[in-house]
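Novice:
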Amino acid sequence: MTEPSTTTGHTAPTATRTATLTFFASAAEAAGQPRTDVVVHDGDTYRDVLRRSAEGNDRLARIVDGSAVFAAGELVRDLDRPATVDQIDVLPPFAGG
Numbered sequence: 018m019t020e021p022s023t024t025t026g027h028t029a030p031t032a033t034r035t036a037t038l039t040f041f042a043s044a045a046e047a048a049g050q051p052r053t054d055v056v057v058h059d060g061d062t063y064r065d066v067l068r069r070s071a072e073g074n075d076r077l078a079r080i081v082d083g084s085a086v087f088a089a090g091e092l093v094r095d096l097d098r099p100a101t102v103d104q105i106d107v108l109p110p111f112a113g114g
């Protein structure tokens, strides 16, 4: 993929990869599927990836916004840090146990 260059008017390559998001409980229900692949651009944060996963789905966006996020099994406490892991789990709040 490419992005416009701000200095030359030409396009510069932008590295991308794919992250697999796994949704649980109400997030999976809102997404209509338990997993989805999302394009991740260099410099994207976990918040960027989550927003991209919910584009066009307001219900999923609301659920994802309040969910716990795990990257490769580790809780992501700062969603504004760079998304460096390609396996992301989204666990919405739930009652019971």
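In the numbering used here, the protein residues as written are 18 to 114.
Every residue gets a Cβ at the ideal spot worked out from N, C-alpha and C, and that includes glycine.
Note that the structure is a prediction, hence the values are computed from the model and not measured.
Taking DSSP as the reference, what is the three-state secondary structure of Ala88?
Specialist: The answer is strand: DSSP assigns Ala88 an E or B state.
Novice: Looking at C-alpha atoms only, which residue of Ile105, Arg64, Gly49 and Ser43 is the closest neighbour of Ile80?
Specialist: Among Ile105, Arg64, Gly49 and Ser43, the Cα nearest to that of Ile80 belongs to Ser43.
Novice: Measuring straight from C-alpha to C-alpha, what distance separates Arg69 and Phe87?
Specialist: Taking the straight line from one Cα to the other gives about 17 Å.
Novice: For the region 27-51, list the beta strand (DSSP E) runs that are entirely contained and at least 3 residues long, ordered along the chain.
Specialist: Whole beta strand (DSSP E) segments, 3+ residues: 28-30 and 33-40.
Novice: From Ala89 to Arg98, what does the alpha carbon distance come to, in whole angstroms?
Specialist: Their Cα atoms are separated by approximately 15 Å.
Novice: Check the DSSP bridge columns for Ile105 and list the partner residues they point to.
Specialist: Answer is Leu38 and Ala88.
Novice: If Leu38 and Val57 are in contact, beta carbons under 8 Å, what's the gap, nearest whole angstrom?
Specialist: 10 Å between Cβ atoms; not a contact.
Novice: Check whether the Cβ atoms of Ala71 and Leu77 lie closer than 9 Å to each other.
Specialist: Result yes, Cβ atoms of Ala71 and Leu77 sit closer than 9 Å.
Novice: Of all the options Pro110, Leu108 and Asp103, which has the alpha carbon lying nearest to the alpha carbon of Ala36?
Specialist: Looking at the Cα atoms, Asp103 is the closest of the given residues.
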